[in-house]
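Remarks on the structure that follows.
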Amino acid sequence: MARVVVVTSGKGGVGKTTTSAAFAAGLARAGHRTAVVDFDVGLRNLDLIMGCERRVVYDFVNVINGEANLNQALIRDKRTEGLSILPASQTRDKDALTFDGVQTVLEGLAQDHDYIVCDSPAGIERGAHLAMYFADDALVVTNPEVSSVRDSDRVLGLLASKTHRAEQGDEPVREHLVITRYVPERVGKGEMLSVEDIGEILSIDLLGVIPESSAVLNASNSGVPVILEQQTDAGQAYDDVVARYLGETREQRFITEKKGLFGRLFKG
Amino acid sequence: MAASGAHKGAAFELKGRMATLSVMRVLHADVDTLLTQLDARLAQAPGFFDGMPLVIAPAESVSLESAALIALVDGLKARGLTPVAAAECTPEQAAQAGLGVLRNLESSPSKPTAQRSGRDSATAANTRLITSPVRSGQQIYARGADLVITAAVGAGAEVMADGHIHVYGSLRGRALAGVQGDTNARIFCRSLHAELVAIAGHYRLSEQIEAGLIDASVMIALQGDDLQLSAL
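As they're listed, the protein sequences go chains A and B. Residue numbering for the first sequence follows our numbering, beginning at 5 and increasing consecutively. Residue numbering for the second sequence follows our numbering, beginning at 4 and increasing consecutively.
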């Protein structure tokens, strides 16, 4: 049985696509066959972050409309064995996603993948709803600021009520918190919410904290999931996220000020 | 699939059930005045009373003419409420207005079970328990009941009860107790960060809550027309 993991947040620009790309690449590196699906129809970004934008022939909407089959649309990642990408359509909008179409595509992917990572669009409308509807797990991506936390709270409410699992009365969607763009120094000055504040407000399990890092932008610009940049702080933080998701216990490394090498990097 | 009508077993059952219904006590025979006041009440909670089944019960001093009853029923339906029965009226009057007749309407829902020791017998007999966080954008209403929440109420969430509200996590959203007008209802919380608290329509915004009570364990009660917030 493939597990469907939605990466969602409510608010835009918090790092959903970066997290989707890194998380999917991390799962594949750990030996799990993984597909990552871009639900942001009309604002296609995942292919850029994954560096496969020039290999897109068919997309998610083509498959839903029966204009291509899944194998034609799936792009196999060249760097990471066992990772494939299903890009969104750039020329359509969210209405092109149908309930039955999404279900069929996910069932098709489930046949030869262990994990299906759904990169949700921002908002709580159709695209975001369909991205989370069939999920077994959710990574809720939050920045340490109040509006992002409130939107995440809203999304958590939807995960508990508007998903297939909730409607069927099955075991609820497993919710995991990923805090991105974290700067311990600014938390110390009271300019940012702390991990504890966010945890207290959202009261869900913390999967990991990704520090604010120039490595993320550099990786995006060069089309490499940041988790593959193992010498960077953000890459290592995502590596921890994947390991913890797969059941390993790892200490939180990026939540204290100027501790060790990465603290000194922040100063410069 | 069997064709409809071919089914041999019982197609329905009739059962007696206890249910809590909202009663509109009509204190004034002038329907226009009543509807105007109702509009003001509905405006405080848009969408909240939609489809609510309602029993129309004229007070002893008020006698509603058939025409007035029909006008009242139409007015209520136009506002999204669902009048289902009338008390203290003849079957003919009720039938003209499309209502059922309810006899022996009790003033207290707790009466059929056991007499309470306290004097506040008008409060709700039931309790609704919520154990998971109430998230931003969610709305929970304990109709005819107290509401006990053992988790947090997030900013932008709304919890309401006809009776008391107890919140054992942080209260960051809105809490409205006694929404049907029970002025004895109270709100109890372990950590007050509420956007708004209200009892029987009397409300206070977060900016009107004194700083010393923020994050504190607080009880909120109505005294006269004033909300009283006191540390527990």
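Yeah, the Cβ is synthetic: ideal placement off N, Cα and C, and Gly gets one too. Since the model is a prediction, treat every value here as computed from it, not as a measurement.
Contacts that residue i makes with chain B (C-beta to C-beta distance below 8 angstroms)
i	result
arginine 154(A)	Ser139, Gly157, Ala158, Gly159
aspartate 201(A)	Those within 8 angstroms of aspartate 201(A) in chain B number zero; the least Cβ separation is about 11 angstroms.
aspartate 116(A)	Simply none; closest approach about 35 angstroms.
aspartate 97(A)	What aspartate 97(A) touches in chain B: nothing, since even the nearest Cβ is about 24 angstroms away.
Inter-residue spacing [alpha-carbon to alpha-carbon] between residue i and residue j
i	j	result
proline 229(A)	alanine 25(A)	6 angstroms
arginine 254(A)	leucine 211(A)	10 angstroms
threonine 85(B)	histidine 117(A)	52 angstroms
serine 124(B)	asparagine 187(B)	Note that serine 124(B) scores 43 on pLDDT, short of 50, meaning its location in the model is unreliable; the coordinates nonetheless yield the value given after this. If you take the alpha carbons of serine 124(B) and asparagine 187(B), they lie about 11 angstroms apart.
valine 137(B)	glycine 161(A)	7 angstroms
serine 156(A)	isoleucine 128(A)	10 angstroms
valine 8(A)	cysteine 122(A)	7 angstroms
glutamate 91(B)	glycine 215(B)	51 angstroms
glycine 157(B)	threonine 22(A)	27 angstroms
glycine 239(A)	glycine 159(B)	34 angstroms
alanine 117(B)	glycine 203(A)	In this prediction, alanine 117(B) scores a pLDDT of 37, lower than 50, which makes its location untrustworthy; the coordinate-derived value is nonetheless stated afterwards. Taking the straight line from one Cα to the other gives about 44 angstroms.
tyrosine 186(A)	arginine 257(A)	12 angstroms
isoleucine 133(B)	tyrosine 144(B)	11 angstroms
glycine 50(B)	glutamine 226(B)	28 angstroms
leucine 17(B)	histidine 169(B)	37 angstroms
threonine 130(B)	alanine 34(A)	49 angstroms
isoleucine 217(B)	leucine 102(B)	49 angstroms
serine 113(B)	glycine 194(A)	Model confidence at serine 113(B) stands at a pLDDT of 37, short of 50, so the residue's coordinates are unreliable and nothing is read from them.
alanine 46(B)	valine 221(B)	28 angstroms
isoleucine 205(A)	glutamine 40(B)	39 angstroms
aspartate 104(A)	lysine 82(A)	31 angstroms
phenylalanine 138(A)	proline 94(B)	53 angstroms
alanine 74(B)	isoleucine 152(B)	41 angstroms
CB of residue i within 7 angstroms of CB of residue j, strictly
i	j	result
glutamate 182(A)	serine 13(A)	Here residue 182(A) turns out to be valine, not glutamate, going by the sequence shown. Result no, Cβ atoms of valine 182(A) and serine 13(A) do not sit closer than 7 angstroms.
alanine 135(A)	serine 152(A)	no
isoleucine 120(A)	alanine 6(A)	yes
alanine 77(A)	valine 67(A)	yes
glutamate 261(A)	proline 188(A)	yes
alanine 219(B)	isoleucine 202(B)	no
aspartate 53(B)	glycine 83(B)	yes
alanine 92(A)	arginine 154(A)	no
histidine 180(A)	aspartate 209(A)	yes
leucine 72(B)	alanine 100(B)	yes
serine 135(B)	glutamine 96(B)	no
alanine 126(A)	glycine 16(A)	yes
valine 45(A)	arginine 96(A)	yes
proline 56(B)	leucine 24(B)	yes
alanine 2(B)	glycine 172(B)	Any property of residue 2(B) remains undetermined from this structure, which presents chain B solely from 4 to 235.
threonine 102(A)	alanine 32(A)	no
valine 245(A)	alanine 142(A)	no
isoleucine 89(A)	valine 18(A)	no
serine 217(A)	aspartate 237(A)	yes
isoleucine 79(A)	arginine 58(A)	no
Interface residues of chain A facing residue i [CB-CB closer than 9 angstroms]
i	result
alanine 154(B)	Ser207
Beta-carbon neighbours of residue i, restricted to chain A and to distances below 8 angstroms
i	result
serine 135(B)	Ala164
9 angstroms Cβ cut-off: residues of chain B touching residue i
i	result
leucine 160(A)	Pro136, Arg138, Ser139, Gly157
aspartate 141(A)	Simply none; closest approach about 17 angstroms.
Among the options, the one whose alpha carbon lies nearest that of residue i
i	options	result
valine 65(B)	Ala160(B), Met27(B), Asp42(B)	Met27(B)
serine 209(B)	Glu198(B), Arg131(B), Asp218(B)	Glu198(B)
valine 220(A)	Gly192(A), Glu252(A), Thr184(A)	Thr184(A)
asparagine 225(A)	Asp174(A), Leu52(A), His36(A), Asp42(A)	Leu52(A)
glutamate 200(A)	Pro91(A), Pro148(A), Leu31(A)	Pro148(A)
glutamine 142(B)	Ile133(B), Ala97(B), Glu161(B)	Glu161(B)
alanine 164(B)	Ser173(B), Phe191(B), Gly140(B)	Phe191(B)
alanine 28(A)	Lys20(A), Gln256(A), Glu195(A), Leu87(A)	Leu87(A)
glycine 176(B)	Ser139(B), Ala154(B), Val151(B), Ile168(B)	Ser139(B)
valine 29(B)	Ile212(B), Gly50(B), Val76(B), Leu45(B)	Val76(B)
glycine 147(B)	Gln211(B), Asp185(B), Ala234(B), Pro49(B)	Asp185(B)
glutamate 233(A)	Met54(A), Ile259(A), Asp174(A), Lys98(A)	Met54(A)
serine 198(A)	Glu252(A), Ile259(A), Ser165(A)	Ile259(A)
histidine 36(A)	Ala114(A), Asp104(A), Gly19(A), Phe43(A)	Ala114(A)
glycine 131(A)	Phe43(A), Glu175(A), Leu163(A), Asn73(A)	Phe43(A)
glutamine 107(A)	Asn69(A), Arg58(A), Pro215(A), Ile79(A)	Asn69(A)
Residue-chain proximity (residue i, chain D), Cβ-Cβ < 7 angstroms
i	result
arginine 59(A)	Judged by its chain identifiers, the structure shown contains no chain D, and its protein chains are A and B.
Nearest-angstrom beta carbon gap, residue j and residue i [assumed within contact, 8 angstroms]
i	j	result
alanine 275(B)	arginine 193(B)	Past the edges of chain B, shown from 4 to 235, lies residue 275(B), and the structure says nothing about it.
valine 109(A)	aspartate 140(A)	Going by Cβ atoms, the distance from valine 109(A) to aspartate 140(A) rounds to 16 angstroms, so no, they are not a contact pair.
tyrosine 242(A)	glycine 30(A)	6 angstroms
alanine 32(B)	valine 58(B)	Not really, about 18 angstroms apart at Cβ, beyond 8 angstroms.
valine 200(B)	leucine 230(B)	7 angstroms
leucine 235(B)	isoleucine 212(B)	Their Cβ separation, rounded to whole angstroms, is 15 angstroms, which puts leucine 235(B) and isoleucine 212(B) out of contact at 8 angstroms.
histidine 196(B)	leucine 174(B)	6 angstroms
Proximal chain B residues relative to residue i, where beta-carbon distance stays under 7 angstroms
i	result
aspartate 81(A)	Result: empty, since nearest Cβ-Cβ is about 35 angstroms, beyond 7 angstroms.
aspartate 243(A)	Result: empty, since nearest Cβ-Cβ is about 30 angstroms, beyond 7 angstroms.
aspartate 174(A)	In chain order: nothing, as chain B lies at least about 15 angstroms away.
aspartate 44(A)	Those within 7 angstroms of aspartate 44(A) in chain B number zero; the least Cβ separation is about 22 angstroms.
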